[in-house]
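Participant:
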Amino acid sequence: MRPLAVAALLGFLLHAGAGLQIQCYQCEEMKHNDCSTPDYIVNCTVNVQDMCQKEVLVKPDGIHYRKSCASSGACLIASSGYQQFCTGRLNSVCISCCNTPLCNGPKRKRPAPTAAASRPRRKWPVHLAPPLLALLLLLT
1 MRPLAVAALL GFLLHAGAGL QIQCYQCEEM KHNDCSTPDY IVNCTVNVQD MCQKEVLVKP
61 DGIHYRKSCA SSGACLIASS GYQQFCTGRL NSVCISCCNT PLCNGPKRKR PAPTAAASRP
121 RRKWPVHLAP PLLALLLLLT
């Protein structure tokens, strides 16, 4: 019975994985993040290109964007290899990777903070932390 259950689970996982496909924006050397429109959406290669990649290049005539599908290995190697060149200055290159649909598009705006979130938080003096922790442990 056990081998049958393992085989069924393995079959399910392989079948579920067969349809994993992500959508990303894809363009070459576009200015002003212009390629984040439906015209530039592509379906990445199933089970091969599992991430979206975004390159931001700072050139003399402005900021250029290059967006594409990528495999996780290639994208992570490229992004970590370019960290030293990601200064935001002229001729810098920043590469980022993400794994949700259309995540290499423009950043989403954050919602405005609520009144409760903008209240200052009370800071406890550091020297009181050990006695407070001991008291909490005694009470539990």
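Every letter in the sequence shown is one number past the one before it in the UniProt record's numbering, and letter 17, counting from 1, is 17.
Heads up, the beta-carbon is just placed ideally off N, CA and C, and yes, glycines get one too.
Quantities reported herein were computed from a predicted structural model and do not represent experimental measurements.
According to DSSP, residue 62 sits in a beta bridge with which residue or residues?
Facilitator: Locating residue 62 in the sequence shown gives position 62, counting from the first residue. Partner(s): 59.
Participant: Within 8 Å, do at least three Cβ pairs link the stretch 63-75 to the stretch 39-52?
Facilitator: Cβ pair count under 8 Å is three or more, so yes.
Participant: Out of 83, 48, 35, point me to the one whose CA is closest to residue 65's CA.
Facilitator: Looking up residue 65 in the sequence shown gives position 65. With distances taken between Cα atoms, residue 65 lies closest to 35.
Participant: Pop quiz: residue 69 and residue 45 are said to be a contact at Cβ under 8 Å. What is the actual Cβ separation, rounded to whole angstroms?
Facilitator: Taking the sequence shown and counting its residues from 1, one reaches residue 69 at position 69. Taking the sequence shown and counting its residues from 1, one reaches residue 45 at position 45. Between residue 45 and residue 69 the Cβ distance is about 7 Å, and since that is below 8 Å, they are a contact.
Participant: Report the start-end ranges of each beta strand (DSSP E) in the stretch 38-99 that is 3 residues or longer and not cut off at the edges.
Facilitator: Those beta strand (DSSP E) runs which fall completely within the stretch 38-99 and span 3+ residues are 41-43, 51-59, 62-70, 93-98.
Participant: Classify residue 104: buried if its beta carbon has 16 or more other beta carbons within 10 angstroms, exposed otherwise.
Facilitator: Position 104 of the sequence shown, counted from the start, is the residue given in the question as residue 104. Counting Cβ neighbours within 10 Å, residue 104 comes out buried, since at least 16 surround it.
Participant: Residues in the same chain with beta-carbon distance under 8 Å from residue 59, minus the five sequence neighbours each way, listed in chain order, please.
Facilitator: The count along the sequence shown starts at 1 and reaches residue 59 at position 59. Cβ within range, chain order: 90, 91.
Participant: In this structure, does DSSP put residue 103 in helix, strand or coil?
Facilitator: The residue labelled residue 103 in the question sits at position 103 within the sequence shown. Residue 103: coil per DSSP, three-state reduction.
Participant: From 98, 24, 37, 40, pick the residue whose C-alpha is nearest to that of residue 79; which is it?
Facilitator: Counting from one through the sequence shown, the residue named residue 79 turns up at place 79. Selected option, being the one with the closest Cα: 98.
Participant: Under the three-state reduction of DSSP, which class applies to residue 26: helix, strand or coil?
Facilitator: As a first step, residue 26 is located in the sequence shown; it is residue number 26 there, counting from the start. Reduced to three states, the DSSP call for residue 26 is coil.
Participant: Spatial neighbours of residue 83 within its chain, please: C-beta separation below 7 Å, excluding the five flanking residues on both sides.
Facilitator: Start at 1 with the first residue of the sequence shown, and residue 83 comes out as number 83. Once the five neighbours on either side are set aside, residue 83 has no close Cβ partner at all.
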